[in-house]
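Novice:
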Amino acid sequence: MRLFYLIAAIVVAVLILIVSFAQVGATCVWYLIGPNSPAFLVLLQTAGLGAIMGGLLILFWKTPKPTDEIEEGDVEVGDE
8 MRLFYLIAAI VVAVLILIVS FAQVGATCVW YLIGPNSPAF LVLLQTAGLG
58 AIMGGLLILF WKTPKPTDEI EEGDVEVGDE
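Residue numbers (our numbering): 8 to 87.
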């Protein structure tokens, strides 16, 4: 699952780069943004994609690694 979160975050980061480069270059070759759209809409779109990427990276960070799982012989504190 960690690999899925990492790959999804990378895909969203590439999408952010495509959107921002198209806006900075003032040519929308990929037609992701209309050529006459206001700049604040583009900023809102990239901010939303940034929030999605941040959430995916937090999920990647917080997902337990396979080595962190409890083995059969281990007992958690508080279990009696």
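Even glycine gets a Cβ: it sits at the ideal position worked out from N, Cα and C.
Could you check if V49 is buried or exposed, using at least 16 other CB atoms within 10 Å of its CB as the buried criterion?
Specialist: buried
Novice: For the segment 49 to 68 and the segment 15 to 24, state whether three or more C-beta atom pairs, one from each stretch, are separated by less than 8 Å.
Specialist: Look at the beta carbons and you see the segment 49 to 68 touching the segment 15 to 24: at least three pairs across the two are nearer than 8 Å.
Novice: Alpha carbons only, please: which of G55, L51, M8, P45 is nearest the one belonging to V19?
Specialist: G55
Novice: CA-CA distance, T70 and F47?
Specialist: 34 Å
Novice: Leaving out five residues on either side along the sequence, give the residues of the same chain with a beta carbon under 6 Å from the beta carbon of K72.
Specialist: none
Novice: Relative to the alpha-carbon of S27, which residue among T53, P45, M8 has its alpha-carbon at the smallest distance?
Specialist: T53
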